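>
In full-length UniProt numbering, the protein residues as written are 1 to 185.
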């Protein structure tokens with residue numbers, strides 16, 4: 001039975017390099033026998049105790065998609081050495097119980113297998129990947145025992161806006177996806 005992977009893009013910029021990498025990862029996952037989709041969480045409001053309960057339909061729908069997935073793959077740009085506020089907001093929502101006061105509830109991300117990836121400039125997204133791995137472990141997900149996929153943005157991409165991976169980068173993506181699929185079983 002094929003594994004279902006939900007890909008989370010930490011960038012909301014149209015045409016972002018990380019969004020393009022997320023799409024390439026979906027294709028690679030599918031080439032390797034998994035099913036994969038990119039989560040749309042653009043309508044998710046900023047988490048506040050003022051709007052947390054009762055659950056809004058948007059978070060109920062997102063939680064259902066996360067629950068149905070066998071694993072998560074988070075792709076994020078590196079903003080000042082860390083992840084985006086948008087991505088942190090999503091993880092905050094997913095880490096909360098669905099019922100007010102039910103702190104014993106197992107959340108939809110508890111023990112969920114997860115890996116991280118980033119395309120960035122000279123850092124290869126090293127810092128965002130480190131910070132994301134810390135965050136996902138803290139929120140009780142099950143991170144892959146791997147620093148994640150880090151890709152340097154090819155120089156030509158800055159002029160074209162297109163993330164066209166060089167052959168060695170494509171090989172890195174392929175190896176990462178194979179390792180991720182093995183990790184999720």
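Just so it is clear, CB atoms sit at the ideal spot from N, CA and C, and this is done for glycine as well.
Computed from a predicted structure; not experimentally measured.
1) Going by DSSP, what residues sit across from residue 35 in a beta bridge?
2) Quick check on the DSSP output: the beta strand (DSSP E) that includes residue 153 runs from which residue to which?
3) Helix, strand or coil, according to DSSP, for residue 90 in the structure here?
4) Specify the secondary structure class of residue 142 as computed by DSSP and reduced to three states.
5) Looking at the strands, I want to know which residues DSSP matches up with residue 113.
6) Using 8 angstroms for Cβ pairs, my map puts residue 128 next to residue 166. What's the rounded Cβ distance?
7) Per DSSP, what kind of secondary structure is residue 27 in: helix, strand or coil?
8) Classify residue 74 as helix, strand or coil using the three-state DSSP reduction.
9) Relative to the C-alpha of residue 37, which residue among 178, 183, 28 and 157 is closest?
10) Looking at the secondary structure, which residues open and close the alpha helix (DSSP H) in which residue 174 lies?
11) Residue 106 to residue 91, Cα distance in whole Å?
12) Could you give the distance in angstroms between the alpha-carbon of residue 3 and the alpha-carbon of residue 110?
13) What would DSSP say about residue 119, mapped onto helix, strand or coil?
14) Out of curiosity, what's the CA-to-CA distance linking residue 44 and residue 150?
15) For residue 60, report the span of its alpha helix (DSSP H) as first-last.
16) Within this structure, are the beta carbons of residue 119 and residue 153 separated by less than 8 angstroms?
17) So residue 183 and residue 144 are supposed to be a Cβ contact under 8 angstroms. How far apart are they, rounded?
18) What number of angstroms, rounded off, separates the C-alpha of residue 63 from the C-alpha of residue 171?
According to the data block:
1) 4
2) From DSSP, residue 153 is part of no beta strand (DSSP E); its letter is neither H nor E.
3) helix
4) strand
5) 142
6) So it is not a contact: roughly 21 angstroms between Cβ atoms.
7) helix
8) strand
9) 28
10) 167 to 184
11) 15 angstroms
12) 18 angstroms
13) strand
14) 27 angstroms
15) 57 to 68
16) yes
17) 5 angstroms
18) 33 angstroms
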